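2 protein chains.
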Amino acid sequence: MGRPSKKEERTEEILNAFYRCVARYGLEGSTLEHIAEESGLKRSLVRHFVGNREELVQLLVDRVLQQSAAQWQAMISSLPAEQRPEALLDTLFCDQYSDAEYVLVIESLIFSAGRDPALQQRMQQWLQGFTDDIAAILQADYPAAETATLAAVAYGIVSIYFNLDSLAPLGMNAQYRQPARTAAGYLLERLQQSPATAETH
Amino acid sequence: MGRPSKKEERTEEILNAFYRCVARYGLEGSTLEHIAEESGLKRSLVRHFVGNREELVQLLVDRVLQQSAAQWQAMISSLPAEQRPEALLDTLFCDQYSDAEYVLVIESLIFSAGRDPALQQRMQQWLQGFTDDIAAILQADYPAAETATLAAVAYGIVSIYFNLDSLAPLGMNAQYRQPARTAAGYLLERLQQSPATAETH
DNA sequence: TCGTTTATTGTCAATTATGACAATTTAAAT
DNA sequence: ATTTAAATTGTCATAATTGACAATAAACGA
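Following this line, the structure appears as structure tokens:
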């Protein structure tokens, strides 16, 4: 009955094009014209398959956050049973675990979140997940550490990692990966001190 | 000779309006219409006094970076003679040293720098200045520390500080100021270890 | 072949942002 | 009062973006 629908495959192409456009032009700067050109489709077709701009953004955000969470969980799962905190840092700060396009897209989403309450809340939860997961990994290996200490170290690691990304627009990632890894390692060392030895600051 | 020029005063008003617009709409999103409305002037007047959009952006960036550097230098200078690293952290992570509007403007500039090579280079230098200054302050108090260690700690402190800002669009600054300060303190503690005691990682 | 469903193309109107410039008004000096 | 330089207002043309929809072409089943 009737011509077969290409909705799913076209939607896939459109979202992939949108993704690349966001990395290049930012979320706001990615016009339907850009997306159409990038996907090789007419603008009318983009509208036909995914609807208006709002729905398009919704779809992309869903996709990016879901894929990001999946990758993160996969990475967590692939960590060895021993020395998990160290392995985590090695993975986070290795060259391979860094996709320039992905970083730019995330940055665009965070930036736009400042003017979009709904997106803001989603990104908050997304980010909080990382901190929580890292804190959990730390606690497993350093059960004696105080909660505040664990939270601070986890936050510090996330900060150092995300800062490397958040400055991606400045193109300074590569040169700072090494000091970033070292600094994160220093935070980890702090957990090896017994709670009694905690600083008197 | 003719009517007295209001160029300086008007330019001031326009740049202040532009600044507020950037905090609210981002750099790209701040149209001449927005700026005109925010400043209470006609759009034609904005063009009349500061020229086209490109020149306007140029002026704003100059202004923001120059003011930022001046504030930073003033802060550095006001640090006590003793315990400068600790005093630095206390200042960086205290509530008062955080201007939401300023943070958003800087974020906008960094974001836009990804699509503007000239701006990118300026922001790179601007950022590098912070790391260098902090490293110098650390070295003065920890002359025995190795260069790589100093660089890593300085980078870590800058990361934690900037990350607090870079996530400003997510509105999570306040709740993370405390762990940020604690994590930065941990990095500082690392410098108190003698070079010989360095970790075996 | 015919009818149905969908893809695909094309076009029009409304909005917004920008650049350019003419026309007018205002405030000072002479 | 006249001249002069600048502010101020207003208008027009152009480009970009988007929404809406008509019209055509293609693929499938009966």
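Those protein sequence lines, which keep their order, are chains A and B. Residue 201 is where the first sequence ends in our numbering, and the numbering goes up by one at each step. Residue 1201 is where the second sequence ends in our numbering, and the numbering goes up by one at each step. Where is the CB? At the ideal position from N, CA and C, for every residue including glycine. The structure presented is a predicted model; accordingly, all values stated were derived computationally and were not measured.
The segment 1053–1065 of chain B contacting the segment 1013–1031 of chain B, beta-carbon criterion three pairs below 8 angstroms: yes
Between the segment 1159–1171 of chain B and the segment 162–176 of chain A, do three or more beta carbon pairs fall short of 8 angstroms? yes
Which of helix, strand or coil DSSP assigns to Y1142(B): coil
For L138(A), which of Y102(A), W126(A), L88(A) and F93(A) has the nearest alpha-carbon? L88(A)
Taking the beta carbon of A1181(B) as the centre, do at least 16 other beta carbons fall within 10 Å, making it buried, or is it exposed? A small correction: the amino acid at residue 1181(B) is Arg; Ala does not occupy that position in the sequence shown. Buried, because 16 or more other Cβ atoms sit within 10 Å of the Cβ of R1181(B).
If we define contact as Cβ-Cβ less than 8 angstroms, is S1159(B) a contact residue for chain A? yes
Distance cutoff 8 angstroms, beta carbons only. Does V153(A) sit that close to anything in chain B? yes
Check whether chain A comes within 8 angstroms of E1199(B), counting only Cβ atoms and requiring the distance to be less than that. Legend: pLDDT at E1199(B) = 47, less than 50; position of this residue unreliable, value from coordinates given subsequently. Output row for E1199(B): interface = yes.
Measure the C-alpha to C-alpha separation of T200(A) and L187(A) and round it to an integer number of angstroms. Note that T200(A) scores 44 on pLDDT, short of 50, meaning its location in the model is unreliable; the coordinates nonetheless yield the value given after this. For T200(A) and L187(A), the distance between alpha carbons rounds to 17 angstroms.
First and last residue of the uninterrupted alpha helix (DSSP H) at R1063(B): R1053 to S1077
Looking at the C-beta of G2(A), does it have a partner C-beta in chain B at a distance below 8 angstroms? no
What does the Cβ neighbour count give for R190(A), buried or exposed, with the cut at 16 atoms within 10 Å? buried
Would a C-beta distance cut-off of 8 angstroms place C21(A) and E9(A) closer than the cut-off? no
Counting only the same chain and skipping the five closest in sequence on each side, list residues whose C-beta sits under 7 angstroms from that of M1123(B). L1109, I1110 and A1113
Among A1183(B), A1023(B) and V1061(B), nearest to I1157(B) - alpha-carbon criterion: A1183(B)
Restricting to Cα atoms, I'd like to know which of W1126(B), I1160(B), F1162(B) and E1146(B) is closest to D1062(B). W1126(B)
For C21(A), which of helix, strand or coil comes out of DSSP? helix
Grouping DSSP H, G and I as helix and E and B as strand, with all else coil, what is P179(A)? helix
Residue closest to A69(A), alpha-carbon to alpha-carbon, out of Y176(A), C94(A) and Y102(A): Y102(A)
With 16 as the cutoff for other CB atoms within 10 Å, does V46(A) come out buried or exposed? buried
Thinking C-alpha only, which one of S5(A), A152(A) and Y19(A) is nearest L65(A)? Y19(A)
Simplified DSSP assignment, three categories, for A118(A): helix
Short-range partners of chain B found in the segment 42–67 of chain A, where Cβ spacing is below 8 angstroms: none
Cutting at 7 angstroms between CB atoms, please list the residues of its own chain near R1043(B), excluding the five before and the five after it. L1032, E1033 and A1036
Cβ of S1166(B) less than 8 angstroms from any chain A Cβ? yes
Between the segment 1172–1188 of chain B and chain A, which residues of the former have CB atoms less than 7 angstroms from a CB of the latter, in chain order? M1172, Y1176, P1179, A1180, T1182, A1183, G1185, Y1186 and L1187
Note down, in chain order, every chain B residue with its Cβ under 7 angstroms from the Cβ of A113(A). P1169 and L1170
Would you say N1163(B) lies against chain A (beta-carbon separation less than 8 angstroms)? yes
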